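The structure appears right after this line, and notes come after that.
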Amino acid sequence: MASFKLTTLLVAGTSFLAVHAQLIPQGNPLLPSLPPTPKLPGDPKGSYTTVDGAEIWHAEFGTKSKSKLPVLMLHNALGSSDYWGSVVELIMKKHYVIVMDARGQGRSPLVTNKDLQTWLDKFTNPNVRLFSFDEYAQDAVKVLKDLQIEKAAWVGWDAGANTVLAALMNPKLAPTVDRAFTTGAWHNIEANNANYMKTSIFKKYMERVHVEYRFFQPNGNLKSLLTKWAILKSTWPRWTKSDLGKITLGPKLTLSWGEQEEAIDLKEVKELPGYIQDSKLVVMPGVSHFAPLQDATQFAAALETFLE
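Numbers -21 to -1, 1 to 287, taken from mature numbering (1 follows the signal peptide of the UniProt record, and there is no 0), label the letters of the sequence shown in order.
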């Protein structure tokens, strides 16, 4: 894949966008619905950390204390920290929580125009991947440093989950992860469920993404964001058993999925925990890939167990 020219990758991204516009509204009645996007408690103004040309938005909840392990929450692909709203409202009662919007998403604008050519130049270099799960993880670490936090419990959903795994495999970033909880992670592009894009829940989600993006970034370039995400999703992750074997958190890592997971091939529920020694597996009943929206109470309870 590294031998692909940039134009080839952009064509792939454009094809991905075409799929969005041609979805057949066919839903599986067994799948849970897509509840409304919640709001973060208090609708916070938040703060920004400048990271390599991007402005990363973040907000804090609960009471910061030396005796409390901070909880960093990384949201789903193309969404925002708002998707954690109902869960944050529950766990902030006992924990100090930080949320952040991934670069280009939510309230965190993409790189400025003057940096765009630099981004394109770097992307043609197979040894440098500016837009990647690893960079998302680097952004997270820089936010933590900006908040003077050395270690945190990392919680990630979907792309956020893969960001957590990327951090754990990077020896420079892993020391900032005291423990980790993921939901809806996948280790290889082949683990994506191709039928997911034909479901009504996916169609509704993409319609919602367009509206929410315009709200947060009225002058943003949604097509550019979707293209870049399509490139990332169609090429990464490609982690091997050997790669994942570098993760040494053991039982301090919990890997979770919804019982009715529809975005990721269910074989991941068996394979991924098997690749990471002593990691814990949690399968949440009655929910799908959107578990934090569908049953925030159950999800928060799983987090409380993880944080004990």
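All C-beta atoms in this analysis are idealised placements derived from N, C-alpha and C, irrespective of residue type, glycine included.
It should be emphasised that the depicted structure is a prediction, and the values quoted were computed from it without experimental measurement.
Excluding five sequence positions before and after Thr29, the CB atoms of its chain that fall closer than 8 Å to its own CB belong to Ile35, given in chain order. DSSP lists no beta-bridge partner residue for Phe110. Under DSSP, Lys47 shares a beta bridge with no residue.
Within the same chain, Cβ atoms closer than 7 Å to the Cβ of Val261 are found at Thr233, Ser235, Ala281, the five residues on either side in sequence being excluded.
The three-state secondary structure of Phe269, taken from DSSP, is coil.
Beyond the five residues adjoining it in sequence on each side, Leu223 comes within less than 8 Å, by CB distance, of Leu144, Met148, His166, Leu251, Tyr254, Ile255 in the same chain, given in chain order. If you compare the alpha carbons of Lys259, His74, Gln84 with that of Ser59, the shortest gap goes to Gln84. Residues Gln256, Asp257, Ser258 of the same chain have their beta carbon placed closer than 8 Å to that of Gly229, with the five preceding and five following residues left out of the count. The three-state secondary structure of Ser26, taken from DSSP, is strand.
Ranked by Cα distance from Gly237, the first of Trp136, His74, Ala116 is Trp136. The bridge partners DSSP lists for Val262 are Trp236.
Distances from the CA of Thr142 to each of Ala116, Lys246, Ile226, Val67 were compared; the closest alpha carbon is that of Ala116. CA-to-CA, the gap between Ser12 and Met263 works out to about 16 Å. Between the region 45 to 55 and the region 128 to 135 there are three or more C-beta pairs closer than 8 Å, enough to call the two in contact. Put simply, of Arg82, Lys72, Val66 the residue whose alpha carbon is nearest the alpha carbon of Gly199 is Arg82.
In the DSSP assignment, Arg217 falls outside any beta strand (DSSP E) and carries neither an H nor an E. For Ile210, the three-state secondary structure derived from DSSP is helix. Burial is judged here by how many other beta carbons sit within 10 angstroms of a residue's own beta carbon; Val190 has fewer than 16 and is exposed. Between the region 69 to 81 and the region 150 to 165, the count of C-beta pairs closer than 8 Å stays below three; the two stretches do not touch. Proximity to Glu169 across Glu283, Leu126, Leu245 peaks at Leu245, based on C-alpha coordinates.
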